[in-house]
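Written below as structure tokens is the structure these notes are about.
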Amino acid sequence: MDRLKKRRLRRVLLFVPVGLIVAAALVVGGSYAWLNCQVGRARVETTGEFGTSLVAPIDPPESMDILVLGCDKRPDSAGEETRSDTVMLVHIDKEADYLSILSLPRDLRVEVPGHGMHKLNWAYSQGGRDLAAATIETLTNIEIEHFVEVGFKAFSDMVDALGGVYMDIDRRYYNDLADSDYEHIKISPGYQLLHGADALDYVRFRHDQNYDFGRMNRQQRFLTALREQAMGWNLALDLPGVIKALFGNLETTLGTRDIMSLAYWGVKLDGNRIRQVSLIGNINTIDGESCVTLEEGALEEAVAQLLTPSYGAGSASTTDLSVAKVETTTTLPLTSIDPSEFTTDLDAIENSTLWHGFAASVPFQVRAPGYLPATYSFMDSNPSRKTYGAYDIQAGKKTEKAIKMVYQREGTDQYLGIMQTTWLDAPAASKGRQEVEHNGITYTIVGTSQSTDHVWWIEDDVLYWVSNTLSYSLSPRELLKVAWSMIPVPGGTSG
103 MDRLKKRRLR RVLLFVPVGL IVAAALVVGG SYAWLNCQVG RARVETTGEF
153 GTSLVAPIDP PESMDILVLG CDKRPDSAGE ETRSDTVMLV HIDKEADYLS
203 ILSLPRDLRV EVPGHGMHKL NWAYSQGGRD LAAATIETLT NIEIEHFVEV
253 GFKAFSDMVD ALGGVYMDID RRYYNDLADS DYEHIKISPG YQLLHGADAL
303 DYVRFRHDQN YDFGRMNRQQ RFLTALREQA MGWNLALDLP GVIKALFGNL
353 ETTLGTRDIM SLAYWGVKLD GNRIRQVSLI GNINTIDGES CVTLEEGALE
403 EAVAQLLTPS YGAGSASTTD LSVAKVETTT TLPLTSIDPS EFTTDLDAIE
453 NSTLWHGFAA SVPFQVRAPG YLPATYSFMD SNPSRKTYGA YDIQAGKKTE
503 KAIKMVYQRE GTDQYLGIMQ TTWLDAPAAS KGRQEVEHNG ITYTIVGTSQ
553 STDHVWWIED DVLYWVSNTL SYSLSPRELL KVAWSMIPVP GGTSG
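First residue of the sequence shown? That's 103 in my numbering, and the numbers climb one at a time after it.
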């Protein structure tokens, strides 16, 4: 840990996806010298070269492990206890072209060097990033070379500077009680453009049955969406605003050249070479305090996943995201689905009256599921069942119509979603890892081999998709079964 203290602190632009954004902007035609100048103005102390152009190739980053801390430090919080809201360990493997992120629960019960057993967040609040890093090194046996500390304001301002990030919100998030201990939040379910304040509320939310684990999943989903959408932004114009938004709210030991190397490498990295790992445990009360404890072997398994590439070391190279390979298959087990499990009777589906109401009120072909996984039932919609119609998605300078249906797994805060929209080229319709043909329709499976995010397809000039739960509890097979079972509902299909 001494090496972190000896390094000169620099206030610079880096959070894994932000680094990717920087790279994309500079690839478009920005200047390394300009970024270096901006960094030099903001950091506490600086050394470095000016005038280096991106015309020269940027070497890949060295292998390293970086501690990323998202904290509630604010400009007016002097003298107040600072807490870590997000704790991530980022592993960079240069030889394997591999990046992985381990999310750690802030309430994880750990051994804090010199202080005994406490929550992980206690280490940060009492000893700052140095004690937090020492604690995580003791926990994982991984040497941390660098840290990145991000304030809430940095996150919110960065999202606003980029014009927002599109997210498919799994369910309704709402709390408007002034006397509540919970943060105010009001976000409807469905695909939408999240701006800074709402994006921050979404990634910080933890007051449901998912606790910290749900928050980690939301943060990982947000990072994935940010990375996927980064190449579509007008980054050459957005970059100056992003940098100005972040300086003064972020600290790191990484230098400008490190950041550029990481960013350029990261934005070109094949999505299959990126792994997100969550350390999941149990909620217990110890010494009168709620905390997260781990089952035997859980930590070792998570660390092994963090350090082990999804594919063999060096077996894949960095790839342009726009031409990333999509595996296409029509083989078992995905296509061995028995349609006899589906109902084709509209009146027999759950909430058939609701579906008929929406179909009569929207300007596109509505489809209802003739199959749902066991224990899932209708919970909510956007718009609500009281208003019907469609809600608007802001798509650049125009709006597109959409509806979202939410199905809850019994006894949990896990939700399956069904989205339908006229926005055919929404970012959600991204290149997937697999395509499956069925009855002349191509279904694209988006996500990793471990975690399927959603399955999308286009039919009757409408984009449909079935989204997985927050914890990715449904298999690709189950999502495909829902997708293949969808029945057209007669109604108002013209504007």
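In this text, a Cβ means the ideal position worked out from N, Cα and C, and glycines have one as well. Only a predicted model underlies this, so the values are computations on that prediction, with no experimental measurement involved.
When you compare only the Cα positions, how much space is there between residue 400 and residue 407?
Translated into the one-based positions of the sequence shown, residue 400 becomes position 298. Translated into the one-based positions of the sequence shown, residue 407 becomes position 305. Cα-Cα distance, rounded: 11 angstroms.
So is residue 521 buried or exposed if we call it buried at 16+ other beta carbons inside 10 Å?
The residue you call residue 521 lines up with position 419 of the sequence shown. So residue 521 ends up on the buried side.
Applying the 10 Å Cβ sphere with the 16-neighbour rule, what's the burial state of residue 588?
Walking along the sequence shown from the start, residue 588 turns up at place 486. Answer is buried; the Cβ neighbour count reaches 16.
For residue 405 and residue 353, I'd like the C-alpha separation in whole angstroms.
Counting from one through the sequence shown, the residue named residue 405 turns up at place 303. Counting from one through the sequence shown, the residue named residue 353 turns up at place 251. Near 26 angstroms, if we compare the C-alpha coordinates of residue 353 and residue 405.
Can you give the Cα-Cα distance for residue 548 and residue 216, rounded to whole angstroms?
Counted from its first residue, the sequence shown places residue 548 at position 446. Counted from its first residue, the sequence shown places residue 216 at position 114. In a straight line, the C-alpha of residue 548 is about 45 angstroms away from that of residue 216.
Same chain, Cβ closer than 6 angstroms to residue 225, neighbours up to 5 away in sequence not counted:
What you label residue 225 is simply residue 123 of the sequence shown in a count that begins at 1. Excluding sequence neighbours, residue 225 sits near 214, 233, 234, 237.
Kindly list the residues whose CB is nearer than 7 angstroms to the CB of residue 286, restricted to its own chain and excluding five residues on each side of it in sequence; keep chain order.
The sequence position of residue 286 within the sequence shown is 184, counting from 1. So the qualifying residues of the chain are 277, 278.
Buried or exposed (CB count within 10 angstroms, at least 16 for buried), residue 171
Here residue 171 is taken as the residue at index 69 of the sequence shown, counted from 1. Flag for residue 171 reads buried.
By the DSSP assignment, the alpha helix (DSSP H) with residue 298 in it spans what residues?
By one-based count along the sequence shown, residue 298 stands at place 196. Segment 298-306, the alpha helix (DSSP H) holding residue 298.
Here's the rule: buried if 16 or more other CB atoms are within 10 angstroms of the residue's CB, otherwise exposed. What is residue 324?
Residue mapping note: residue 324 aligns to position 222 of the sequence shown, counting from 1. Residue 324 comes out buried.
When we look at the beta-carbon of residue 387 and count the other beta-carbons within 10 Å, is it buried (16 or more) or exposed?
Locating residue 387 in the sequence shown gives position 285, where the first residue counts as 1. Classification of residue 387: exposed, given that the 10 Å Cβ count is below 16.
Measuring only the C-alpha atoms, how far is residue 507 from residue 389?
As a working mapping, residue 507 is identified with position 405 in the sequence shown. As a working mapping, residue 389 is identified with position 287 in the sequence shown. If you take the alpha carbons of residue 507 and residue 389, they lie about 42 angstroms apart.
Give me the residue from 559, 571, 504, 503 with the minimum Cα distance to residue 586.
By one-based count along the sequence shown, residue 586 stands at place 484. When each option's Cα is compared against that of residue 586, the closest is 559.
Would the beta-carbon of residue 505 fall within 9 angstroms of that of residue 464?
As a working note, residue 505 is residue 403 in the sequence shown. As a working note, residue 464 is residue 362 in the sequence shown. Against a cut-off of 9 angstroms, the Cβ pair of residue 464 and residue 505 comes out as a contact.
Measure the Cβ-Cβ separation of residue 290 and residue 306 and say whether it is below 9 angstroms.
Walking along the sequence shown from the start, residue 290 turns up at place 188. Walking along the sequence shown from the start, residue 306 turns up at place 204. No, the pair does not count as a contact, with Cβ atoms beyond the cut-off.
Residues in its own chain within less than 7 angstroms of residue 143 by CB, not counting five upstream and five downstream?
The residue labelled residue 143 in the question sits at position 41 within the sequence shown. Low confidence applies to residue 143: its pLDDT is 41, below 50, so where it sits in the model is not reliable enough to give any reading.
Rounded C-alpha distance that separates residue 517 from residue 319:
In the sequence shown, counting from the first residue as 1, residue 517 sits at position 415. In the sequence shown, counting from the first residue as 1, residue 319 sits at position 217. Whole-angstrom Cα-Cα distance: 13 angstroms.
By DSSP, does residue 157 sit in helix, in strand, or in coil?
Within the sequence shown, residue 157 is the residue found at index 55, counting from 1. Unreliable placement is indicated for residue 157, whose pLDDT of 38 sits below 50; the coordinate value is still reported in the next sentence. It is coil, neither helix nor strand.
Over the uninterrupted beta strand (DSSP E) stretch that includes residue 470, give me the two end residues.
One-based indexing of the sequence shown puts residue 470 at position 368. Counting along the chain, the beta strand (DSSP E) containing residue 470 begins and ends at 468-470.
Between the alpha carbons of residue 539 and residue 533, how many angstroms are there, rounded?
The residue you call residue 539 lines up with position 437 of the sequence shown. The residue you call residue 533 lines up with position 431 of the sequence shown. So the alpha carbons of these two residues sit roughly 15 angstroms apart.
Let me make sure I understand the geometry here. Which of 411, 301, 384 has the alpha-carbon closest to that of residue 91?
Nothing can be reported for residue 91: it is not among the residues displayed for the chain, which extend from 103 to 597.
Look up residue 253 in the DSSP assignment and give the residues it is bridged to.
Against the sequence shown, residue 253 aligns to sequence position 151. Beta-bridge pairing links residue 253 to 173.
Would DSSP call residue 507 helix, strand or coil?
For this step, residue 507 is matched to residue 405 along the sequence shown. Residue 507: strand per DSSP, three-state reduction.
By Cβ distance, which residues of its chain are closer than 8 angstroms to residue 191, with the 5 residues on each side in sequence left out?
By one-based count along the sequence shown, residue 191 stands at place 89. The residues are 167, 168, 169, 170, 203, 204, 206, 238, 242, 244, 246, 408.
Evaluate contact between the segment 523-532 and the segment 252-265, counting only Cβ atoms and requiring at least three cross-stretch pairs below 8 angstroms.
no
CB contact flag (residue 268, residue 302, <9 angstroms)
For the purposes of this step, residue 268 is taken as the residue at position 166 of the sequence shown. For the purposes of this step, residue 302 is taken as the residue at position 200 of the sequence shown. In this structure, residue 302 does not lie closer than 9 angstroms to residue 268 by Cβ.
Identify the continuous beta strand (DSSP E) that holds residue 495 and give its terminal residues.
Your numbering for residue 495 matches position 393 in the sequence shown. Segment 493-497, the beta strand (DSSP E) holding residue 495.
For residue 223, which of 382, 326, 322, 394 has the nearest alpha-carbon?
Mapped onto the sequence shown, residue 223 falls at position 121. It is 394.
List the DSSP bridge partners of residue 268.
Here residue 268 is taken as the residue at index 166 of the sequence shown, counted from 1. Residue 268 is bridged to 295.
Can you grab the Cα-Cα spacing for the pair residue 555 / residue 537, in whole Å?
Locating residue 555 in the sequence shown gives position 453, where the first residue counts as 1. Locating residue 537 in the sequence shown gives position 435, where the first residue counts as 1. Rounded to whole angstroms, residue 555 to residue 537 spans 14 angstroms at the Cα level.
Give the secondary structure of residue 277 by DSSP, where H, G and I count as helix, E and B as strand, and everything else as coil.
For the purposes of this step, residue 277 is taken as the residue at position 175 of the sequence shown. The answer is strand: DSSP assigns residue 277 an E or B state.
Can you tell me whether residue 164 is helix, strand or coil according to DSSP?
Here residue 164 corresponds to residue number 62 of the sequence shown, with the count starting at 1. Reduced to three states, the DSSP call for residue 164 is coil.
Do you know whose CA, among 396, 514, 293, lies nearest residue 221's CA?
Position 119 of the sequence shown holds residue 221. Ranking 396, 514, 293 by Cα distance to residue 221 puts 396 first.
For residue 408, three-class secondary structure by DSSP:
What you label residue 408 is simply residue 306 of the sequence shown in a count that begins at 1. Helix at residue 408.
Secondary structure of residue 484, DSSP reduced to three states:
On the sequence shown, position 382 is the one that residue 484 refers to. The answer is strand: DSSP assigns residue 484 an E or B state.
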